[in-house]
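Residue numbers (my numbering): 442 to 939. Backbone N, C-alpha and C fix where the C-beta goes; we use that ideal spot for every residue, glycine too. Step one of this worksheet: look at the structure below.
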RNA sequence: GGGCUCGUAGCUCAGUCAGGCAGAGCGGUGGGCUCUUAACCCAUUCGCCAAGGGUUCAAAUCCCUUCGGGCCCGCCA
């Protein structure tokens, strides 16, 4: 296959010409579990970041946690008493579990830890700290001075009407702690203060620094200048005509005198089988969840192999295929997916899944691997894959690939035909102490002939007797891995049962 | 209503920007092994490139129209 240029390299080509240092910005609001859909933003940015580095450009990846955003509502996963916190900034709300510094950190920390595993190393900013440091003060004053101009841009471009009292700045009320309930009454650009009133009845004057936040569309545009952002991926919701990128572009140019960053618009990740991924329905697959069932390189690969503008249908029941695909892949997507600790596994994941279900403990697992030709491997190197496979079997595996050796005789044995019973007895009588797996496999065919039934029926009888279902792993190897006394007893009993 | 995006093999998708023999992986099938039963290896099959029209020596690719899927336009990525 012709190696076509990877999308990340195309982006690098497109922007590298300017020769300046590139700052690739990402940002997510930590209002709930950060799921793999959110990850696409950071992963996409990291892809561009690595491609730029590979092209010899100077580039920095940054991540802004929107910790100063207000809690919008009491989400389904929150206790009812969070109603009192609605409207407060996320960093000023107590953590749901009680162990984290605040609400925002509760969701941010596992996410940042996942990024580490994925070998993504952004410079991390927290929005409330940027505001408290005063980084936004000049941009805020400018926005307040240009209030009418900005309002006109928003109304023209997004075709919506702003209330008469609209302000680009939302003040944090000193009394009730909410950032969504205040109204700006005036400001002093010399002393850098704003006057405000609040729904709660409070009114006051506070310094701009640390006491409020620009509204989203203005915040975004001013951020570009403050942090020097030159490239930014964002979801297609922001890319719609009249959306925040359109207004941001004009605000950036006309108010802040700066070109907007190079946009990378990405599509959503859809979740197959478990319904649409969305916080409101409570169906989310977090990054932490995914890292339990696949190695970080594979999670990177899942996102990097697809162009940002195409949606990804993610089917957790097919992770086995994804991992096997990654193991075989040789292209640029795989190259970009590497992490520092990447381990190449020489055992197909599919096989680990099978072996794991045959084996009852780690010794017999090693034995199963040895029998299938992987005995020389250091078990340590497949340890993580084994952990992934175990979790996957428990959480996402479809019934068709699962099996379990039945401790007691399955009921369906009663439905076996006389021919099948004869065959089972035939197999049992042919099993000697030192029989090999492949001889055992051959024995099955011999038994089906002797019993006058098809090979298919013979295999089904074996699986029904041992697993209680009609299919299973390769019969000879499978039977050889079972306890010999148990196997003989089961075959004989099933053969005699009536 | 406005906008975006996708439609290529049974499945997941490259290839479309820059027109030049329609591709990959998985699955399926056959074999390796007189004998389909989840490992592994080898070989192999698979297409009205959504439909119609146009431009061109040449169209999956560019233009127009239509149909179908998904999504966005209330700070959900």
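Item	Value
For residue 530: DSSP bridge partner residues	511
Residue range of the unbroken beta strand (DSSP E) whose run includes residue 464	463-469
N-terminal and C-terminal residue of the alpha helix (DSSP H) that residue 836 is part of	824-836
Validate contact between the region 743-759 and the region 783-800 using beta carbons, cut 8 Å, 3 pairs	no
Beta carbon of residue 672 nearer than 8 Å to that of residue 489	yes
Per DSSP, cross-strand counterpart(s) of residue 654	611
Unbroken stretches of the beta strand (DSSP E), 3 residues or longer, contained in the region 550-631	564-567, 610-612 and 623-629
For residue 644, the first and last residue of its enclosing beta strand (DSSP E)	644-648
Validate contact between the region 860-867 and the region 892-899 using beta carbons, cut 8 Å, 3 pairs	yes
Reference residue 712; option with closest CA among 732, 752, 925 and 599	752
Closest Cα partner of residue 583 within the set 482, 606, 692 and 540	692
Boundaries of the alpha helix (DSSP H) in which residue 728 is found, first to last residue	728-734
Local conformation of residue 941 per DSSP, three classes	The structure shown has nothing for residue 941, since the chain only spans 442 to 939.
The region 500-516 contacting the region 527-538, beta-carbon criterion three pairs below 8 Å	yes
N- and C-terminal bounds of the alpha helix (DSSP H) containing residue 506	Per DSSP, residue 506 belongs to no alpha helix (DSSP H); it is in the beta strand (DSSP E), 500-506.
Contact belief for residue 610 with residue 667 at Cβ below 8 Å, rounded distance in angstroms	The Cβ separation is near 15 Å, so there is no contact.
Residue 712: first and last residue of the uninterrupted beta strand (DSSP E) it sits in	710-712
Option in 561, 649 and 683 with minimal Cα separation from residue 600	683
Backbone secondary structure at residue 756 - three-state DSSP	coil
Coil, strand or helix - residue 674 by DSSP	strand
Paired residues, beta bridge with residue 476 - DSSP	727
Beta carbon of residue 620 nearer than 8 Å to that of residue 566	no
Boundaries of the beta strand (DSSP E) in which residue 859 is found, first to last residue	Here residue 859 belongs to no beta strand (DSSP E); instead the alpha helix (DSSP H) covers 859-871.
Within 8 Å, strictly: CB atoms of residue 910 and residue 904	yes
Proximity winner among 675, 604 and 570, relative to residue 468 (alpha-carbon distances)	675
Spatially closest choice to residue 914 from 681, 846, 829 and 875, by CA coordinates	846
Residue 702 and residue 670 closer than 8 Å at C-beta	yes
Limits of the unbroken beta strand (DSSP E) element including residue 697	Note, residue 697: premise wrong, no beta strand (DSSP E); not H, not E.
Backbone secondary structure at residue 705 - three-state DSSP	strand
Per-residue DSSP class, three states only, for residue 847	coil
Three-pair Cβ contact test at 8 Å for the region 547-566 versus the region 726-738	yes
For residue 652 and residue 521, the rounded distance between their alpha carbons	28 Å
Three-state secondary structure assigned by DSSP to residue 916	helix
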